[in-house]
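A short write-up of the structure that comes next.
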Amino acid sequence: MVNFRNNFQFPIERERETIGLPIGNLSSQLFANIYLNELDQFIKHRLKIKYYLRYCDDFIILDNNRQNLENLIGQIQFFLECQLSLKLHPRKIIIRRINQGIDFLGYVILPHYRVLRTKTKRRILKRINKKNLPSYLGVLRHCSGYKIKESVC
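In my numbering, the protein residues as written are 65 to 217.
This is the structure in structure tokens:
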């Protein structure tokens, strides 16, 4: 399994200050999904990857063979640089066994269940109030978080 978390790096750091949209802005999520559709097509149709999942700039590729995953990194980097003028963030490419869990979108996904990432759990417990309780309960609905649900309700 390869986990490419927050994987895009701007080529010139100064540009980051003067162009683009704020992180978390709904428009930035929409534009990321539109812009990266070419990456989706490349991975699915050119590389013929069966187990690929992407949300905005985070994506995961699953494979039983570590060497296959390592070979994909160079191909994806080349495509992103040449076609989309993007770079993968070198410190955020992770290859690991699936039974170690996939850290993705605030959860750690294991073969038979999901749990909240520790950092996400701490953030929820720190910021919980009556206004955002339904939102946090929605997050907890998608994982094995019975103890956390009990502590916030």
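Using N, Cα and C, we set each Cβ at its ideal position, and we do this for glycine too.
For I137, the enclosing alpha helix (DSSP H) stretches over residues 130-143. Going by DSSP, R178 is part of the beta strand (DSSP E) stretching over 177-180. Around the beta carbon of L100, 16 or more other beta carbons sit within 10 angstroms, so the residue counts as buried. When the Cα atoms are used, R205 and D167 turn out to be separated by approximately 17 Å.
The alpha carbon of D127 has as its nearest neighbour, out of L136, D121, Y119, the alpha carbon of L136. Between the region 137-151 and the region 166-182, the count of Cβ pairs shorter than 8 Å is below three; the stretches do not touch. In summary, G138 is exposed, with fewer than 16 beta-carbon neighbours lying within 10 Å of its beta-carbon over all protein chains present. According to DSSP, residue pairing for D122 in a beta bridge involves Y119.
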